[in-house]
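Chemist: Read top to bottom, the protein sequences are chains F, B, V and U. Reminder that position 68 of the first sequence reads as 68 in the working numbering, one-by-one numbering, no gaps. With positions in the second sequence counted from 1, the corresponding number in the working numbering is that position plus 100. With positions in the third sequence counted from 1, the corresponding number in the working numbering is that position plus 200. With positions in the fourth sequence counted from 1, the corresponding number in the working numbering is that position plus 300. In this text, a Cβ means the ideal position worked out from N, Cα and C, and glycines have one as well. For clarity, every value in this text was computed on a predicted model and none was experimentally measured.
There are 4 protein chains.
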Amino acid sequence: MAIAEVTVIPIGTATTSLSAYVADMQRVLASQQGISYQLTSMSTIIEGPLEEVWKAISALHDAPFMSGAQRVSTSVKIDDRRDKAASSEQKLQSVRSKLQ
Amino acid sequence: MAIAEVTVIPIGTATTSLSAYVADMQRVLASQQGISYQLTSMSTIIEGPLEEVWKAISALHDAPFMSGAQRVSTSVKIDDRRDKAASSEQKLQSVRSKLQ
Amino acid sequence: MAIAEVTVIPIGTATTSLSAYVADMQRVLASQQGISYQLTSMSTIIEGPLEEVWKAISALHDAPFMSGAQRVSTSVKIDDRRDKAASSEQKLQSVRSKLQ
Amino acid sequence: MAIAEVTVIPIGTATTSLSAYVADMQRVLASQQGISYQLTSMSTIIEGPLEEVWKAISALHDAPFMSGAQRVSTSVKIDDRRDKAASSEQKLQSVRSKLQ
């Protein structure tokens, strides 16, 4: 299981609002198999087997082109831990337990 | 108002667990003025006036050194919109309204 | 043609030096087909058809695990322009011409 | 001494070309004290004392607004090593020596 944080920015969109593109990307994610995902105000967090996460990232990157963009800047950060299972919920719980 | 997404990784920590460092960073954030923040499983989202956000990012970057780290890799993404107010909540609401 | 910037950080290494891991990653890149690449002091820049670039990024991400790492944080930024060809050299030349 | 990699993307520009903005940013960097910098095809690498690097990053982030942008997405990665001096050139040399 890997966790990824993805931000996809269409360039040259003429307007500063990107929410229509972000909405299109959420629709693309909804059709991806084997992952869970969550939208934050800065990116989308994707969780699942590494192979499925890569597929979802690639689909997200392609989405704005489908919506008319001609240039896209995609940023990805992947946290891949193989010594133990580490879901988003477990990572957050681990920090919370240390804050108490 | 700007919104930033920050991930701070101490390098050479000997163990793969970073939650103690993340907990220390949350304590540092709690002492910062003028910002709100939220921990996700991949980063910390900070929101406030740009000047205060930069101060908080700088403090976050320094935190692992206080906790004993000798090398730190910090990643930051800032979304700064000056044509209209854009809080985290407004950004999410804008996407949600387009998904309906 | 897409251009990517990739940084791969093994987490929980015994020392703060990562150059042995970076050297292993360069060897992995040397075996990838269809791309060109360049090491900077902060990342590796990869250039080629998007499909080949994704494969190279995936191989880079896997490399530290082959070298013994148990957890890896990989950061990627992709610039994908489809309205005109845009190589690394063309991008730099375009900026240089505007600086004169 | 810290090393940073910075990418600044103006959002909502009329065209997909960003080279004029990048040229303006290089002019802003030329006026910053105490740092050295290098433009790659994907970002600008800045090197110097941490305090000066933060100032340069902040100036880079502000630059597109001076050039007319209304929204900017800035990505930063900082490598800060305090157990030994680590310049860009030393980092590259360390990898090269391991590749031989």
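Using a Cβ cut-off of 7 Å, which residues of the segment 163-190 of chain B contact any Cβ in chain U, in chain order?
Modeler: Those would be F165, Q170, R171, V172, S173, T174, S175, V176, K177, I178, D179, D180, R181, R182 and D183, in chain order.
Chemist: Kindly indicate if chain F contains any beta-carbon less than 8 Å away from that of V/S258.
Modeler: For the purposes of this step, residue 258 of chain V is taken as residue 58 along the third sequence, with counting starting at 1. Output row for V/S258: interface = yes.
Chemist: Put B/D180 into one of helix, strand or coil per three-state DSSP.
Modeler: Counting from 1 along the second sequence, the entry for residue 180 of chain B is found at position 80. Residue state, collapsed to three classes: strand.
Chemist: Please identify the residue among U/T316, U/S331 and U/M366 whose C-alpha is closest to the C-alpha of V/S294.
Modeler: For the purposes of this step, residue 294 of chain V is taken as the residue at position 94 of the third sequence. Taking only the C-alpha atoms, the option nearest V/S294 is U/T316.
Chemist: Under a Cβ-count criterion, where at least 16 other Cβ atoms within 10 Å of its own Cβ denotes burial, should V/E289 be classed as buried or exposed?
Modeler: For this step, residue 289 of chain V is matched to residue 89 along the third sequence. The residue is exposed, with fewer than 16 neighbouring Cβ atoms inside 10 Å.
Chemist: Is the beta carbon of B/A185 less than 8 Å from the beta carbon of B/V153?
Modeler: If you number the second sequence from 1, residue 185 of chain B lands on position 85. If you number the second sequence from 1, residue 153 of chain B lands on position 53. For B/A185 and B/V153, no; Cβs fall outside 8 Å.
Chemist: Compute the distance between the beta-carbons of V/A223 and B/A114, then report whether it is under 8 Å.
Modeler: As a working note, residue 223 of chain V is residue 23 in the third sequence. As a working note, residue 114 of chain B is residue 14 in the second sequence. Not in contact: V/A223 and B/A114 (Cβ atoms no closer than 8 Å).
Chemist: Give me the chain U residues within the contact set of V/E252, using Cβ-Cβ distance strictly less than 8 Å, ordered along the chain.
Modeler: Taking the third sequence and counting its residues from 1, the one referred to as residue 252 of chain V is at position 52. What V/E252 touches in chain U: nothing, since even the nearest Cβ is about 17 Å away.
Chemist: Leaving out five residues before and five after U/A363 in sequence, what residues of the same chain have Cβ atoms less than 6 Å from its Cβ?
Modeler: Reading the fourth sequence from its first residue, position 63 is the one you call residue 363 of chain U. Excluding residues within five positions, the ones whose Cβ falls inside 6 Å are D324, M325 and V328.
Chemist: Below 8 Å, how does it come out for the segment 230-240 of chain V and the segment 374-384 of chain U: are there three or more Cβ pairs, yes or no?
Modeler: The segment 230-240 of chain V is not in contact with the segment 374-384 of chain U.
Chemist: Within its chain, find whatever has a CB closer than 8 Å to the CB of V/G234; leave out the 5 residues flanking it on each side and keep chain order.
Modeler: Counting from one through the third sequence, the residue named residue 234 of chain V turns up at place 34. If we look at V/G234 and ignore the five residues flanking it on each side, its Cβ neighbours are G248, P249 and E252.
Chemist: Specify the secondary structure class of V/S294 as computed by DSSP and reduced to three states.
Modeler: For the purposes of this step, residue 294 of chain V is taken as the residue at position 94 of the third sequence. Note: V/S294 maps to helix in three-state DSSP.
Chemist: Cβ of F/Q26 less than 8 Å from any chain B Cβ?
Modeler: The residue you call residue 26 of chain F lines up with position 26 of the first sequence. F/Q26 counts as touching chain B.
Chemist: Using CA atoms only, rank isn't needed, just tell me which of F/S19, F/P10 and F/M1 is closest to B/Q200.
Modeler: In the second sequence, residue 200 of chain B corresponds to position 100, counting from 1. Nearest C-alpha to B/Q200: F/S19.
Chemist: Who are the neighbours of V/I203 on chain U, taking C-beta pairs under 9 Å?
Modeler: Counted from its first residue, the third sequence places residue 203 of chain V at position 3. Residues of chain U passing the Cβ test: S341 and M342.
Chemist: What residue range is occupied by the uninterrupted beta strand (DSSP E) comprising B/L139?
Modeler: Looking up residue 139 of chain B in the second sequence gives position 39. Segment S136 to L139, the beta strand (DSSP E) holding B/L139.
Chemist: According to the Cβ coordinates, are U/A358 and U/Y321 closer than 8 Å?
Modeler: Stepping through the fourth sequence from its first residue, residue 358 of chain U is reached at position 58. Stepping through the fourth sequence from its first residue, residue 321 of chain U is reached at position 21. Rather than Ala, the amino acid found at residue 358 of chain U in this sequence is Ser. No, the pair does not count as a contact, with Cβ atoms beyond the cut-off.
Chemist: Which of helix, strand or coil does DSSP assign to B/S175?
Modeler: Taking the first residue of the second sequence as 1, we reach residue 175 of chain B at position 75. Strand at B/S175.
Chemist: What's the C-alpha gap between B/A102 and B/K191?
Modeler: Numbered from 1 along the second sequence, position 2 holds the residue referred to as residue 102 of chain B. Numbered from 1 along the second sequence, position 91 holds the residue referred to as residue 191 of chain B. The straight-line gap from Cα to Cα measures roughly 12 Å.
Chemist: Consider the Cβ of F/A23: report whether some Cβ of chain U lies at a distance smaller than 8 Å.
Modeler: Looking up residue 23 of chain F in the first sequence gives position 23. It does not: the Cβ of F/A23 has no partner Cβ on chain U nearer than 8 Å.
Chemist: Quick one: what's got a C-beta closer than 6 Å to V/I245's C-beta in the same chain, skipping five residues either side?
Modeler: As a working note, residue 245 of chain V is residue 45 in the third sequence. Excluding positions up to five away in sequence, the list reads E205 and Q238.
Chemist: If I follow the unbroken beta strand (DSSP E) through U/A369, where does it start and stop?
Modeler: Locating residue 369 of chain U in the fourth sequence gives position 69, counting from the first residue. Neither: U/A369 is in no beta strand (DSSP E) and is coded neither H nor E.
Chemist: Just the C-alpha distance for F/S73 and F/I9, rounded to the nearest angstrom, thanks.
Modeler: For the purposes of this step, residue 73 of chain F is taken as the residue at position 73 of the first sequence. For the purposes of this step, residue 9 of chain F is taken as the residue at position 9 of the first sequence. Near 5 Å, if we compare the C-alpha coordinates of F/I9 and F/S73.
Chemist: Just the Cα atoms here: how many angstroms apart are F/G12 and F/Q70?
Modeler: As a first step, residue 12 of chain F is located in the first sequence; it is residue number 12 there, counting from the start. As a first step, residue 70 of chain F is located in the first sequence; it is residue number 70 there, counting from the start. Cα-Cα distance, rounded: 8 Å.
Chemist: Which residues, in order along the segment 305-321 of chain U, keep a beta-carbon less than 7 Å from a beta-carbon of chain V?
Modeler: Against chain V - using a Cβ distance shorter than 7 Å - the residues of the segment 305-321 of chain U are E305, T307, T316, S319 and A320.
Chemist: Can you find a CB in chain U that lies within less than 8 Å of the CB of V/I245?
Modeler: Counting from one through the third sequence, the residue named residue 245 of chain V turns up at place 45. Answer yes: the Cβ-Cβ gap between V/I245 and chain U drops below 8 Å somewhere.
Chemist: Does F/A2 come out as helix, strand or coil in the three-state DSSP assignment?
Modeler: Position 2 of the first sequence, counting from 1, holds the residue named residue 2 of chain F. Strand, per DSSP.
Chemist: Buried or exposed for U/A381, going by 16 or more other Cβ atoms inside 10 Å?
Modeler: Numbered from 1 along the fourth sequence, position 81 holds the residue referred to as residue 381 of chain U. Rather than Ala, the amino acid found at residue 381 of chain U in this sequence is Arg. Burial call: buried.
Chemist: Of all Cβ atoms in chain B, is any one closer than 8 Å to the Cβ of F/S94?
Modeler: The sequence position of residue 94 of chain F within the first sequence is 94, counting from 1. Output row for F/S94: interface = yes.
Chemist: Please compile the residues from chain F whose C-beta is within a distance smaller than 7 Å of the C-beta of B/L199.
Modeler: Counting from 1 along the second sequence, the entry for residue 199 of chain B is found at position 99. Correct list: A23 and Q26.
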